[in-house]
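>
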Amino acid sequence: MTTPSAPGTPSQPNAQERPLDLAGIGIGPSNLSLAALAQPLDELHTAFYDENHTFHWHPGILIEGSAIQVPFLADLVTLADPASPWTFLNYLKSRERLYPFYFAERFHIQRAEYDAYCRWVSQHLPALHFGHHIDAIRWNPERVLFEIDYTQLDPDGEAEALGRAYARNIVLGVGTTPHIPEPLRPLAEAHGVPVIHSADYLRHRDRLLAAEHITVVGSGQSGAEIFLDLLRHRPAGRERLHWVARTPAFAPMERSRLGLEHFTPDYTHYFHALPEGVRDQLLPRQWQLHKGMDPATITAIHDELYRRSLHGDWPDTTLIPGVFVRTAGRVGTTRVELHLEHAEQGTRSRLTTDAVILATGYRERRVDTLLAALDPYIRRDSAGRPRVDAQQRLILDPLVKGAIHVQNAQTHTHGVGSTDLGLTAWRSATILNSITGTEHYRLPQRTAFTTFGLEPRPTPRPHASTAAGSEQRHTIPRQLPVH
Ligand SMILES: Cc1cc2nc3c(=O)[nH]c(=O)nc-3n(C[C@H](O)[C@H](O)[C@H](O)COP(=O)(O)OP(=O)(O)OC[C@H]3O[C@@H](n4cnc5c(N)ncnc54)[C@H](O)[C@@H]3O)c2cc1C
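Residue numbers (numbering that gives the first Met the number 0): 0 to 482.
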């Protein structure tokens, strides 16, 4: 890495300086997992960058008591290396909280605890550089390296200095951004009425709770957690809450044991090998694997509604599935009118409300600007999306000798598990094995009882049956099928 210079001119590299073997862009759970698993690989010179000043995991939705949707074993490292110092259990040990956790018998930890655990890991890994926004990545054919231009930010987010780093390999872990449907965008940008995305919920919670009538739009996990939180904090009989959802029902997320096998490396391999057209047809049909609500949250909502009806009156709440918001407008300066349509009935109605929370999901962060200079080298599928191989690597023109791996941006090639924390450690291990050309992390040959597809499983590698642990290394082929 180079020393930053004043804003205006990226610093020039020192000829003696050793380029990075791996530069990670973004430090969310994906690249934090990669950094944690890369740490023991002494030969690997790495640096990871994030524009934020410290690690935070979706801070706007860390509602007190809410739990993550995967067991704690889906921490940053365990499913690739349970002996790593960066496991959740080791975090608890460092906090002297192992015994309370043991007696709590909780497989699904609270979101706030997962956030604190990740921050603890981030505070111990020297290769992490917070307060660095990555502006552009280019391929330098003379040096056979990627150039990474960054802006160093002060604690207020103002540019402090510009810098440039050089790396043989890049791993993009830039995550997602909140999504607001087109008809609602002008509303969200207007002042006066609180209309906010669920990603900002906690920042506006007091103002929202003070509103006369509140509407939550969207029935994913965020919508459910916010509806429950509002319900619990409104006076009984005067809840004045609407919850509208486009889905035909307030539907649970898949939680059955065999259903969860869609979040295994086995299913990921199967999905990746399918033709592009089949993958594209499959994804919308699989929405309930990842877009519904946790059954425990649905139970908590029903419990709370039931408790409020014990004395005979119904709570002042309206829960309507199968409805979409066609458009919306302001009424005076302080109210909003939502124009609703029921898909099955074909009926329309208007709802006037004082506050709106748009739990309308997230989309992969666009990287057009960041990768603009690399655009001619990126191979795309028929829909213009980057092609990603089995090693989680963008398919590039052979002129580019370095590799760009991606995390959490390959649902179109790797399926619904791409965004699931349960596959994070496995994906990081896959990337590290690929970059080093050595099987530092032995990956399992079989991960599901279900057999996905009629073709036989790949035969186990030589040594797969030996008792050697993750320290036994095998050289692996660098070329795997691409899609
Ligand atoms: C609200 C919410 C709750 C979720 N809950 C669960 C759950 O319970 N279980 C589960 O399995 N999955 C869950 N997910 C899905 C997923 O696992 C998480 O979104 C996870 O945070 C993804 O990690 P990431 O590192 O890929 O991205 P992110 O966590 O989004 O991190 C990306 C980072 O990159 C930084 N960045 C972006 N661009 C740049 C740039 N140019 N320069 C520098 N830094 C940059 C961002 O600031 C950010 O810090 C949830 C997702 C959301 C949105």
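Backbone N, C-alpha and C define an ideal beta-carbon position, used for all residues, glycine too.
Is Y48 near ligand 1 - that is, is its Cβ less than 7 Å away from at least one heavy atom of it?
As a first step, residue 48 must be located in the sequence shown, where it is residue number 49. Y48 Cβ: within cutoff of ligand 1.
> Would L227 and E112 be called neighbours here (beta carbons separated by less than 8 Å)?
As a first step, residue 227 must be located in the sequence shown, where it is residue number 228. As a first step, residue 112 must be located in the sequence shown, where it is residue number 113. No, these two residues do not count as a Cβ contact at 8 Å.
> For F102, count the other beta carbons within 10 Å of its own beta carbon; 16 or more makes it buried, fewer makes it exposed. Which is it?
As a working note, residue 102 is residue 103 in the sequence shown. F102 should be labelled exposed.
> Does I394 come out as helix, strand or coil in the three-state DSSP assignment?
Position 395 of the sequence shown holds residue 394. I394: coil per DSSP, three-state reduction.
> Since T351 contacts V330 with CB under 8 Å, what's their CB separation in whole angstroms?
Counting from one through the sequence shown, the residue named residue 351 turns up at place 352. Counting from one through the sequence shown, the residue named residue 330 turns up at place 331. Rounded, the Cβ-Cβ distance is 6 Å, consistent with contact.
> Alpha carbon to alpha carbon, how far is L43 from H289? Give it in angstroms, no decimals.
Locating residue 289 in the sequence shown gives position 290, counting from the first residue. Locating residue 43 in the sequence shown gives position 44, counting from the first residue. Whole-angstrom Cα-Cα distance: 35 Å.
> With H, G and I counted as helix, E and B as strand and the rest as coil, what does DSSP make of G258?
Translated into the one-based positions of the sequence shown, residue 258 becomes position 259. Of the three classes helix, strand and coil, the one that applies to G258 here is helix, per DSSP.
> Determine the direct distance from the alpha carbon of L230 to that of I434, and round the result to whole angstroms.
In the sequence shown, residue 434 corresponds to position 435, counting from 1. In the sequence shown, residue 230 corresponds to position 231, counting from 1. Going from the Cα of I434 to the Cα of L230 covers about 49 Å.
> Closer than 7 Å: is that where the CB of V192 sits relative to any heavy atom of ligand 1?
Stepping through the sequence shown from its first residue, residue 192 is reached at position 193. Outside the cutoff, so no.
> Using 8 Å as the threshold, is the C-beta distance between R204 and D315 below it?
On the sequence shown, position 205 is the one that residue 204 refers to. On the sequence shown, position 316 is the one that residue 315 refers to. Their beta carbons are not under 8 Å apart, which means R204 does not touch D315 by this criterion.
> In the DSSP output, what is I213 paired with across the bridge?
Your numbering for residue 213 matches position 214 in the sequence shown. Paired residues: L240, A354.
> Counting beta carbon pairs with one atom in the stretch 63-77 and one in the stretch 122-139, are three or more of them shorter than 8 Å?
With the cut-off at 8 Å, the stretch 122-139 and the stretch 63-77 do not touch.
> By DSSP, does E16 sit in helix, in strand, or in coil?
On the sequence shown, position 17 is the one that residue 16 refers to. In the structure shown, E16 sits in coil (DSSP, three-state: anything other than H, G, I, E or B).
> Within 10 angstroms of the Cβ of T176, are there 16 or more other Cβ atoms? Answer buried if so, exposed if not.
On the sequence shown, residue 176 is found 177 positions in, with the first residue counted as 1. Label assigned to T176: exposed.
> In the DSSP assignment, what are the bridge partners of Y361?
Numbered from its first residue, the sequence shown carries residue 361 at position 362. P177, per the DSSP bridge assignment.
> Using the beta-carbon count (16 or more within 10 Å), is R378 buried or exposed?
Looking up residue 378 in the sequence shown gives position 379. Looking at its Cβ environment, which holds fewer than 16 other Cβ atoms inside 10 Å, R378 is exposed.
> DSSP state of S348, grouped into three classes?
Position 349 of the sequence shown, counted from the first residue, corresponds to residue 348. Looking at S348 - three-state DSSP - the assignment turns out to be strand.
> Quick one: which unbroken alpha helix (DSSP H) runs of 4-plus residues sit fully inside the stretch 253-300? Chain order, please.
For the stretch 253-300, whole alpha helix (DSSP H) runs of length 4 or above, ordered along the chain, are 264-272, 275-284, 286-289.
> Return helix, strand or coil for G162, following the three-state DSSP convention.
Reading the sequence shown from its first residue, position 163 is the one you call residue 162. DSSP places G162 in strand when its eight states are reduced to three.
> Consider the C-beta atom of W56 and the heavy atoms of ligand 1; say whether any pair is separated by less than 7 Å.
Walking along the sequence shown from the start, residue 56 turns up at place 57. Yes, the beta carbon of W56 sits closer than 7 Å to at least one heavy atom of ligand 1.
> Pair every Cβ in the stretch 176-186 with every Cβ in the stretch 409-418, then say whether three or more of these pairs are closer than 8 Å.
No, the stretch 176-186 is not in contact with the stretch 409-418.
> Could you tell me how far apart the beta carbons of F71 and S121 are, in whole angstroms, since I believe they sit closer than 8 Å?
Residue 71 sits at position 72 when you count from the first residue of the sequence shown. Residue 121 sits at position 122 when you count from the first residue of the sequence shown. About 18 Å separates the two Cβ atoms, so there is no contact after all.
> Would you call the CB atoms of A429 and Q391 closer than 8 Å?
Looking up residue 429 in the sequence shown gives position 430. Looking up residue 391 in the sequence shown gives position 392. Checking the sequence shown, residue 429 turns out to be Thr, not Ala. Contact flag set, yes.
> Rounded to whole angstroms, what is the Cα-Cα separation between I108 and A115?
Reading the sequence shown from its first residue, position 109 is the one you call residue 108. Reading the sequence shown from its first residue, position 116 is the one you call residue 115. If I take the Cα positions, the gap works out to 11 Å.
> Please determine, among Y90, R441, I300, the residue with the shortest C-alpha to C-alpha distance to A250.
As a working note, residue 250 is residue 251 in the sequence shown. Nearest of Y90, R441, I300 to A250, Cα basis: I300.
> Report buried or exposed for P459, applying the criterion of at least 16 other Cβ atoms within 10 angstroms of its Cβ.
Against the sequence shown, residue 459 aligns to sequence position 460. Here P459 scores only 44 on pLDDT, less than 50, and its place in the model is too uncertain to base an answer on.
> Taking the straight line between their C-alpha atoms, what separation do you get for P125 and G401?
Along the sequence shown, read from residue 1 onward, the residue named residue 125 stands at position 126. Along the sequence shown, read from residue 1 onward, the residue named residue 401 stands at position 402. Roughly 24 Å separates the two Cα atoms.
> Just checking P28 against ligand 1 - is the residue's beta carbon closer than 7 Å to any of the ligand's heavy atoms?
To locate residue 28, count along the sequence shown from 1; it is residue 29. P28: yes, Cβ under 7 Å from ligand 1.
> Assign E146 to one of three DSSP states: helix, strand, or coil.
The count along the sequence shown starts at 1 and reaches residue 146 at position 147. If DSSP states are grouped into helix, strand and coil, E146 belongs with the strands.
> To the nearest angstrom, how far is the alpha carbon of S348 from that of Y200?
Locating residue 348 in the sequence shown gives position 349, counting from the first residue. Locating residue 200 in the sequence shown gives position 201, counting from the first residue. Computed Cα separation, rounded: 26 Å.
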